[in-house]
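Enquirer:
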Amino acid sequence: MSIINRRTLLKTGGTFVAGACLPLTNIRLAFADQSQDFTFAYISDSHIQHIKGTKFVRNWDQGLKRAVAEANLMSPKPDFVMYGGDLAQLGTREELDHGFEIMSALKHKTHYVMGEHDYYADLGEYWSSQVGKQYYSFDHKGVHIIVLNSILTDDHWTHERWANGTERMGVMAGLDDPRGSPFMVGAAQRKWLANDLKGVSKDTPIIVFSHSPLQKLFKNWNFWTDDAELVQAILQPFDSVTVFYGHVHQIQYNQIGNITFHSVMATAWPWPYPESYAQAENHMPHLTVPINRADPFFERDATGWQYVDINSGKATVKFSLTENEPRTVGYDAKRGYPLDTKYVSRSKPPQNHY
Amino acid sequence: MKKIFSITAIVLFFSIQTGFAEPLGLPPVPIPADNPQSKAKIALGEKLFNDPRFSSTGDVSCATCHDAAKGFADGPLKTSEGIKGLTGTRNAPTILNAAFMKSQFWDGREPDLEGQSKGPFINPVEMGLENHDPILTLVRDDRAYWKMFRKVFGLKKKNALTMDHVAKAIASFERTIISGNSPFDHYYFTNNKAAMTPSAVRGFNVFLEQGRCVSCHTVSQTHALFTDSRFHNLNVNFNSISGGVQALAKRQQQEKADGVDLDVSILTDKAVAELGRFVVTGQWRDIGAFKTPTLRNVDLTAPYMHDGSIKTLEDVVDFYNNGGFVKAGDPVNSFQSGGIRPLGLNDTQKADLVAFLKMLTSPLN
Chain C
154 MSIINRRTLL KTGGTFVAGA CLPLTNIRLA FADQSQDFTF AYISDSHIQH
204 IKGTKFVRNW DQGLKRAVAE ANLMSPKPDF VMYGGDLAQL GTREELDHGF
254 EIMSALKHKT HYVMGEHDYY ADLGEYWSSQ VGKQYYSFDH KGVHIIVLNS
304 ILTDDHWTHE RWANGTERMG VMAGLDDPRG SPFMVGAAQR KWLANDLKGV
354 SKDTPIIVFS HSPLQKLFKN WNFWTDDAEL VQAILQPFDS VTVFYGHVHQ
404 IQYNQIGNIT FHSVMATAWP WPYPESYAQA ENHMPHLTVP INRADPFFER
454 DATGWQYVDI NSGKATVKFS LTENEPRTVG YDAKRGYPLD TKYVSRSKPP
504 QNHY
Chain Z
-14 MKKIFSITAI VLFFSIQTGF AEPLGLPPVP IPADNPQSKA KIALGEKLFN
36 DPRFSSTGDV SCATCHDAAK GFADGPLKTS EGIKGLTGTR NAPTILNAAF
86 MKSQFWDGRE PDLEGQSKGP FINPVEMGLE NHDPILTLVR DDRAYWKMFR
136 KVFGLKKKNA LTMDHVAKAI ASFERTIISG NSPFDHYYFT NNKAAMTPSA
186 VRGFNVFLEQ GRCVSCHTVS QTHALFTDSR FHNLNVNFNS ISGGVQALAK
236 RQQQEKADGV DLDVSILTDK AVAELGRFVV TGQWRDIGAF KTPTLRNVDL
286 TAPYMHDGSI KTLEDVVDFY NNGGFVKAGD PVNSFQSGGI RPLGLNDTQK
336 ADLVAFLKML TSPLN
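Chains as they are written, first to last, in my numbering: chain C, 154 to 507; chain Z, -14 to 350.
(1) Between the alpha carbons of Trp213 of chain C and Arg488 of chain C, how many angstroms are there, rounded?
(2) Any idea if Leu182 of chain C is buried or exposed, counting beta-carbon neighbours within 10 angstroms, 16 or more meaning buried?
(3) Identify the residues that DSSP records as bridge partners of Glu66 of chain Z: which are they?
(4) Considering just the uninterrupted stretch of the alpha helix (DSSP H) at Met133 of chain Z, what are its terminal residues?
(5) Can the beta-carbon of Ala468 of chain C be found closer than 9 Å to that of Thr413 of chain C?
(6) Any idea which residues DSSP pairs Pro491 of chain C with across the strands?
(7) Rounded C-beta distance between Leu98 of chain Z and Glu7 of chain Z? I'm assuming under 8 Å.
(8) Can you pull the chain Z residues whose beta carbon is under 9 Å from the beta carbon of Ser509 of chain C, in chain order?
(9) Quick one: what does DSSP say Ser473 of chain C is sitting in, helix, strand or coil?
(10) Please tell me whether Phe451 of chain C has its Cβ less than 9 Å away from any Cβ of chain Z.
(11) Since Tyr236 of chain C sits in a beta bridge, which residues does DSSP pair it with?
(12) In whole angstroms, what separates the C-alpha of Pro229 of chain C from that of Val210 of chain C?
(13) With 16 other CB atoms within 10 Å as the buried threshold, where does Pro105 of chain Z fall?
(14) Closer than 6 Å by C-beta to Thr333 of chain Z: which residues in its own chain qualify, once you throw out the five before and the five after it? Chain order, please.
(15) Does Gly216 of chain C come within less than 9 Å of chain Z when only Cβ atoms are used?
(16) Roughly how many angstroms lie between the CA atoms of Lys262 of chain C and Val234 of chain C, to the nearest whole one?
(17) I want to see whether chain Z comes within less than 9 Å of Val461 of chain C, judged by CB atoms only; does it?
(18) Report the rounded CA-to-CA distance for Asp213 of chain Z versus His202 of chain Z, giving the unit in angstroms.
(19) Closest Cβ-Cβ distance between Val317 of chain Z and chain C: below 9 Å?
(20) Hey, is the region 237 to 245 of chain Z in contact with the region 103 to 119 of chain Z, meaning 3+ C-beta pairs nearer than 8 Å?
(21) Any beta-carbon of chain Z closer than 9 Å to the one on His251 of chain C?
(22) Considering only their Cβ atoms, is the gap separating Glu476 of chain C from Asp448 of chain C smaller than 9 Å?
(23) Please name the residue or residues paired with Val296 of chain C in a DSSP beta bridge.
(24) Of all Cβ atoms in chain C, is any one closer than 9 Å to the Cβ of Pro327 of chain Z?
(25) If you measure from the beta carbon of Ser200 of chain Z to each beta carbon in chain C, is any gap under 9 Å?
(26) Closer than 9 Å, CB to CB, is Ala256 of chain Z near chain C or not?
(27) Reducing DSSP to helix, strand and coil, say where Trp458 of chain C ends up.
(28) DSSP three-state label for Lys467 of chain C, please.
(29) Mind checking if Arg480 of chain C is an interface residue toward chain Z, Cβ cutoff 9 Å exclusive?
(30) What whole-angstrom Cβ distance do Phe451 of chain C and Ser40 of chain Z have, given they're in contact under 8 Å?
(31) Roughly how many angstroms separate the alpha carbons of Tyr398 of chain C and Asp315 of chain Z, rounded to a whole number?
(32) Would a check of beta-carbon distances place Ser206 of chain Z closer than 9 Å to chain C?
(33) For Ser340 of chain Z, which residues of its own chain have a beta-carbon under 7 Å away from its beta-carbon, when the five flanking residues on both sides are left out?
(34) Would Phe320 of chain Z pass as an interface residue toward chain C - the criterion being a Cβ-Cβ separation below 9 Å?
(35) Can you name the start and end residues of the alpha helix (DSSP H) that Gly172 of chain Z belongs to?
(36) Asp271 of chain Z and Asn222 of chain Z look like a contact to me (Cβ under 8 Å); what is the Cβ gap, rounded to whole Å?
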């Protein structure tokens, strides 16, 4: 590298300038109505963990506090903040209260998604008493926004197997616990969803928030929703659908038909890509971007949060990664699927099964 | 003492050029392709470095704040005094081994010594010149300087002499200010177990393990620079701005966009100075983050941290042991690096760690 290039690069710190100070919009369709564009912040998977008394795990607290502090620096302000689920680790009142208290420092309106760590201790009772509905929809600047509780499972597992809620939560909290059960949206919510979408025109952009991926990626770790194909079938008739999910603690993106999928980062810790763990063939999206192992010394390494620009109903996701370079994943209108703006060397098309 | 040091440095430089081993514990000094070392250039750089005529008042040189007798730093001052006793916002970092740093200044705003050396001349609280013109006038008109520049850079006309030549000469001199060969180096790289005291040997173990020091102050198998060249928010004095980071960050980025010189705003605006690396990159992850300094000769370079706010090595160890604060109950800011957390060291471990840090002092000859 020539000294001039290195100098220029180091002096300017690269091309990235102050995050949301100047939101980049790399997708704008010719017929787009700019008044429909907006930005929201997305924080997820903080896993606030109670030790005893007033003591909580410092690392998880700091991860969430950092995301909140950074989101408060956004200029212009985001229209709202979505919290993607797993605010707590074991779903106790202490953990949820502590998490809500840290979140209360946010200067923006906040919506919540239910995660399995918030749910299985008391089947979402305390969370609902503080947040409200577990699934709901609203309209924002021409986009129809849907929040689902996608971490439910069958009644027998939920109600019959465990001595109490604490035991049930403990099993579901283990990422690879073989006694766990696949997540699902469930028949009742699917019916609600179909009904909710009845009055929505097919050209209205749809954004869906769920905690688990509404696709089938890796069952062993519940990177999975068991009725994903049924939910997708309800969404598929719409021209433009974008699904955001947490749970996986890593960056993923995919396209199935009209549905674009984006994962969001955790503030707590990263999961490795399961491909490296699976012993048999699996169907994780082909990896085109090398990811370094998180450095255990830097507790924030490979964690972060993100904000999302919606232009013409399509999403550009901007990841703020504490110990790493920022990354941007946006919808490529020509190719018809999302791409990382830096790592565009993908040679294979995305998977098109569930 | 100053003289002895520079002569030693020059000797070391030639040992590198001719393929002899560099000081124990150091890698070869990186030399940029467009600024090769020469004996005459180094001598010119040293002359420039020590010459106070390049300040507006004629009494401040580079050496004023980077004093060889003080480990090329400026203890016990928290922040150095430039012209008319004016002070900036940051503790003068040592020049020792600055040649190995991947960026210069506490916030890395200059990529190399050449770039760094131009800044202080025209900073209003350092050497206070309006611009670089008086320097060029002086070195062109001064017979001794012109003779040296002509010879070193092969210049034919006086107006071909630019600030880049001045910067290159100073940088060349600074690349000779290197130090290794400490008791630690003998202990670690030549396996001389008697080179460090038993307390320091125990302290090295704390440094590597429970103290978590080595993750940023790195030691490799063949050499030890004691820095990762990265930037971290430790929570040193950040709470002085944590109430208004949003407005401050916005103001600073606006000023930068409007063309306000970073060198000036960083050294004259205390609040902006605390934003650290952020002022350079504009990235949220760099808020309040400062470059990891080397630990070589750290016993000579008190006071410590980017603002010189901690007086002794004992207090620095306490600061880290507490998880990034001096007094119990001091708040930890939301942007603090995930590398900093309470360490749980006992008094013996803390004393051993300080004993180890004192083994990093290099002999002067």
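Ideal placement from N, C-alpha and C gives every residue a C-beta, glycine not left out.
Expert: Reading from the atomic positions:
(1) 38 Å
(2) Confidence at Leu182 of chain C is low in this model, with a pLDDT of 42, below 50, so its placement is unreliable and the value that follows should be read with caution. Its Cβ having fewer than 16 others within 10 Å, Leu182 of chain C is exposed.
(3) Z:Thr72
(4) Arg128 to Phe138
(5) yes
(6) C:Tyr484
(7) Between Glu7 of chain Z and Leu98 of chain Z the Cβ distance is about 18 Å, and since that is not below 8 Å, they are no contact.
(8) Nothing about residue 509 of chain C can be reported from this structure: the residues present for chain C run from 154 to 507 only.
(9) strand
(10) yes
(11) C:Ile196 and C:Tyr265
(12) 33 Å
(13) buried
(14) none
(15) yes
(16) 6 Å
(17) no
(18) 6 Å
(19) yes
(20) no
(21) no
(22) yes
(23) C:His293
(24) yes
(25) yes
(26) no
(27) strand
(28) strand
(29) no
(30) So it is not a contact: roughly 41 Å between Cβ atoms.
(31) 37 Å
(32) Residue 206 of chain Z is actually Gln in this sequence, not Ser. Gln206 of chain Z does not count as touching chain C.
(33) Per the sequence shown, the amino acid found at residue 340 of chain Z is Ala instead of Ser. Counting only Cβ-Cβ distances below 7 Å, and skipping sequence neighbours, we find Thr182, Ser184, Ala185 and Gly188.
(34) yes
(35) Residue identity check: residue 172 of chain Z is Tyr in the sequence provided, not Gly. Pro168 to Phe174 is the extent of the alpha helix (DSSP H) around Tyr172 of chain Z.
(36) Not confirmed; about 16 Å, so no contact.
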